[in-house]
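*Asks:* What follows is a single structure, and I will ask about it in a moment.
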């Protein structure tokens, strides 16, 4: 995890038309064309923002997975008959593709947490990529306490309560 902030050159905000939508029936994430999740409230639509860069600016958090440098989007689409979003960039003569979705429980029981699945793959060569994970909870943009538990990164803000 990095602090995700470059005070001298923050990533400019994306126009709202450039955002894709991921959802799981309880909440939704807005994903910029550069691969940044810039809005996500947890655990529901009316919860606190975890990634709020879209309205709160660079200090409000983001989760960006994509090219390490600015790159042109060559294709952005939802896979047929799914809510899986694919974004493909042209990077150094190859294609870098981010495939992502939120897992929705359709068997009648809700999953206990929000689950976002993201996969970044390169085709036709090597491409520089970045994963910027900067969660900031609430309107005060509180950073988490970070620790590892059995090899897994865990971010905590104290006791979680649903509104």
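In the numbering used here, the protein residues as written are 3 to 165.
Don't be surprised by glycine CBs; every beta carbon is placed ideally from N, CA and C.
With a Cβ-Cβ cutoff of 8 Å, do residue 85 and residue 32 count as a contact?
*Replies:* For residue 85 and residue 32, no; Cβs fall outside 8 Å.
*Asks:* On a CA-only basis, which of 138, 152 and 159 is nearest residue 59? Give me that one, please.
*Replies:* The option with the nearest alpha carbon to residue 59 is 138.
*Asks:* Just verifying my parser: in three-state terms, what is the DSSP assignment at residue 40?
*Replies:* Strand, per DSSP.
*Asks:* Assuming contact is defined by CB atoms lying nearer than 8 Å, are residue 19 and residue 68 in contact in what I supplied?
*Replies:* Not closer than 8 Å, so no.
*Asks:* Looking only at C-alpha atoms, which of 160, 78 and 77 sits nearest to residue 147?
*Replies:* Nearest C-alpha to residue 147: 160.
*Asks:* Restricting to runs no shorter than 3 residues, where is the beta strand (DSSP E) found entirely within the region 18-99?
*Replies:* As far as the region 18-99 is concerned, its whole beta strand (DSSP E) runs of at least 3 residues are 22-25, 30-33, 38-44, 50-53, 64-69, 74-80 and 87-93.
*Asks:* What is the residue span of the beta strand (DSSP E) that residue 1 lies within?
*Replies:* Residue 1 falls outside the range modelled here, since the chain spans only 3 to 165, and no answer is possible.
*Asks:* Under the rule that 16 or more other beta-carbon atoms within 10 Å means buried, what is residue 151, buried or exposed?
*Replies:* Per the 10 Å Cβ criterion, exposed.
*Asks:* Measuring straight from C-alpha to C-alpha, what distance separates residue 96 and residue 16?
*Replies:* Roughly 24 Å separates the two Cα atoms.
*Asks:* Considering only the beta carbon of each residue, do residue 26 and residue 104 sit closer than 8 Å?
*Replies:* Yes.
*Asks:* Buried or exposed: residue 34, going by 16 or more other Cβ atoms within 10 Å of its Cβ?
*Replies:* Label assigned to residue 34: buried.
*Asks:* Here's the rule I'm using: 16 or more other beta-carbon atoms within 10 Å means buried, otherwise exposed. How should residue 169 be labelled?
*Replies:* An answer regarding residue 169 cannot be provided, because it is not within the stretch 3 to 165 covered by the chain.
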